[in-house]
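Numbering-wise (numbering that gives the first Met the number 0), the sequence shown opens with residue 0 and increments by one.
What follows is a short report on a single structure.
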Amino acid sequence: MSKCLYARIASVAVFAWLTAAAAVAVDAVPPVHAAEARYPSQPVTIIVPYAPGGVTDLYGRSIAEYLGRTWNVPVIVKNEGGGGTMIGTQTVARAEPDGNTILLTSYAFTSNPIVRKDMSYAPDALRPVMLLGNSSNMLVVSARSDLHTLDDVLAKARKSPGNLRLASSGVASSPHIAAELWAHAVGVQITHVPYRGTAPAMNDVLAGQVDGIFDGPSSMSSVKAGRLRAIAIASAQPHPGAPGVPTFRSLGEDLVFGSWFGFFVPKGTPDTIVSRLNADLRHAVNDPRTRAAIDTTALLVQDGTPQQFADFLAKESLRLKALVESGADFTPQ
Numbered sequence: 000m001s002k003c004l005y006a007r008i009a010s011v012a013v014f015a016w017l018t019a020a021a022a023v024a025v026d027a028v029p030p031v032h033a034a035e036a037r038y039p040s041q042p043v044t045i046i047v048p049y050a051p052g053g054v055t056d057l058y059g060r061s062i063a064e065y066l067g068r069t070w071n072v073p074v075i076v077k078n079e080g081g082g083g084t085m086i087g088t089q090t091v092a093r094a095e096p097d098g099n100t101i102l103l104t105s106y107a108f109t110s111n112p113i114v115r116k117d118m119s120y121a122p123d124a125l126r127p128v129m130l131l132g133n134s135s136n137m138l139v140v141s142a143r144s145d146l147h148t149l150d151d152v153l154a155k156a157r158k159s160p161g162n163l164r165l166a167s168s169g170v171a172s173s174p175h176i177a178a179e180l181w182a183h184a185v186g187v188q189i190t191h192v193p194y195r196g197t198a199p200a201m202n203d204v205l206a207g208q209v210d211g212i213f214d215g216p217s218s219m220s221s222v223k224a225g226r227l228r229a230i231a232i233a234s235a236q237p238h239p240g241a242p243g244v245p246t247f248r249s250l251g252e253d254l255v256f257g258s259w260f261g262f263f264v265p266k267g268t269p270d271t272i273v274s275r276l277n278a279d280l281r282h283a284v285n286d287p288r289t290r291a292a293i294d295t296t297a298l299l300v301q302d303g304t305p306q307q308f309a310d311f312l313a314k315e316s317l318r319l320k321a322l323v324e325s326g327a328d329f330t331p332q
């Protein structure tokens, strides 16, 4: 990505927190105990740090249904939105490391330590289990909006500072950072409007309370239904999940950015449990019923190993280091 698309978020010192999060994938753990061998033997909770109704919630509930059938124990999805995902993430970071409390989160896990000064947990308090997949951000507006093209959006943004109001699923979320990167790239000032998840943000986009949001290709279902209008997608190439939607590159703007979704457990969770959980999650996302639900969002599924997820997080950390070293202005809210 062009350097001009990056944003300076905070001190480089916090970069060490992000790389530490990847390192916990190879923590040393005690020998196998009876409880580990029986895992799972009691109800399991998947914490989704967003409000109900968004894509993260959909992923969590689809996978929980499969795991419940496979494990023959209740698998509960609990939404703990707010705080830019910090509330729900903190719950898992402080949970017992027994595999019974799982976090399903997204890009904010890597960006929060850089953009926020009020962190209530350290990223290395969580252990990567599986990268579920990733998705390019797509700028969408209400179908009733008078914004029809990227030129229209730019014209509104350039009319006066802060005139263009873009929603996000929370401070430091992928939609937030995508919006700030785009604004810096084209030299405009936007008004960022954070919500406690994608669903409430999208409701206000549809209602015209805000101008748009950088959501994922999952929004294409609403585009096809005539409720939303897709302006452009921040993928390197035309996205298979967003047919007919131009890329920012094709419109002369070198914006390539997207979110990821993944599972974590508390640091100290034994290797045997992490391995079992990873294997069953990989089976879950390849189960026809579960995959059909996931595919409605056009997510590019990854389903790799814990180490592959850790390596991915390390690369994202390097990318965020570039953001920190950039000269763009990205003031935390």
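Glycine included, every Cβ here is placed at the ideal spot set by N, Cα and C.
No experiment lies behind these values; they were computed from the predicted model shown.
- In the three-state scheme derived from DSSP, where H, G and I count as helix and E and B as strand, asparagine 133 is classed as strand.
- In this chain, alanine 297 is not harboured by any beta strand (DSSP E), its DSSP state being neither H nor E.
- An exposed status is given to glycine 225, since fewer than 16 other beta-carbon atoms sit within 10 Å of its beta-carbon.
- Classified as exposed, proline 239 has fewer than 16 neighbouring CB atoms from the shown chains inside 10 Å of its CB.
- With a threshold of 16 other beta carbon atoms within 10 Å, aspartate 214 meets it and is buried.
- Between glycine 98 and isoleucine 272, the gap from beta carbon to beta carbon is short of 7 Å.
- Below 8 Å, too few C-beta pairs join the segment 277-296 and the segment 166-179 to call them touching: fewer than three.
- Around the beta-carbon of lysine 158, fewer than 16 other beta-carbon atoms lie within 10 Å, marking it exposed.
- Residue burial annotation: alanine 36 is exposed, with fewer than 16 other C-beta atoms found within 10 angstroms of its C-beta.
- Bounds of the beta strand (DSSP E) holding proline 265 are 257-265.
- In this structure, Arg126 is the residue among Arg195, Ile232, Asp117, Arg126 with its C-alpha nearest to the C-alpha of alanine 94.
- The segment 41-120 contains, as complete alpha helix (DSSP H) runs of 4+ residues, the segments 54-70, 85-92, 107-114 (chain order).
- With contacts defined by Cβ atoms closer than 7 Å, serine 135 and isoleucine 232 form a contacting pair.
- One thing to note: glycine 211 has its Cβ within 7 Å of the Cβ of valine 140.
- A distance of 7 Å or more separates the beta carbons of valine 76 and proline 42.
- Glycine 225 is not bridged by DSSP to any residue.
- The shortest CA-to-CA distance from threonine 84 to any of Trp70, Met118, Tyr58 is the one to Met118.
- Taking C-beta atoms as the reference points, valine 187 and alanine 156 count as a pair closer than 7 Å.
- By the neighbour-count criterion, in which a residue is buried when 16 or more other Cβ atoms sit within 10 angstroms of its Cβ, serine 274 is exposed.
- Shown here for leucine 146: same chain residues with a beta carbon closer than 6 Å to its own, the five before and five after excluded, namely Val140, Val152 in chain order.
- In this structure, alanine 278 lies away from glycine 52, with their beta-carbon atoms at least 7 Å apart.
- Look at valine 187 here: in three-state DSSP terms it is coil, with no helix or strand label.
- Comparing alpha carbon positions, the residue from Thr90, Gly261, Ala313, Gly303 closest to valine 54 is Gly261.
- Remark: C-beta atoms of alanine 283 and tyrosine 49 do not approach each other more closely than 7 Å.
- Scanning Thr100, Thr295, Trp70 for the CA closest to the CA of tyrosine 58 turns up Thr295.
- Going by C-alpha positions, proline 112 is about 22 Å away from threonine 190.
- Per DSSP, leucine 146 lies in no beta strand (DSSP E) and is assigned neither H nor E.
- Classified as buried, threonine 88 has 16 or more neighbouring CB atoms from the shown chains inside 10 Å of its CB.
- Residues Ile46, Val47, Pro48, Ile86, Gly87, Thr90 of the same chain have their beta carbon placed closer than 8 Å to that of glutamate 79, with the five preceding and five following residues left out of the count.
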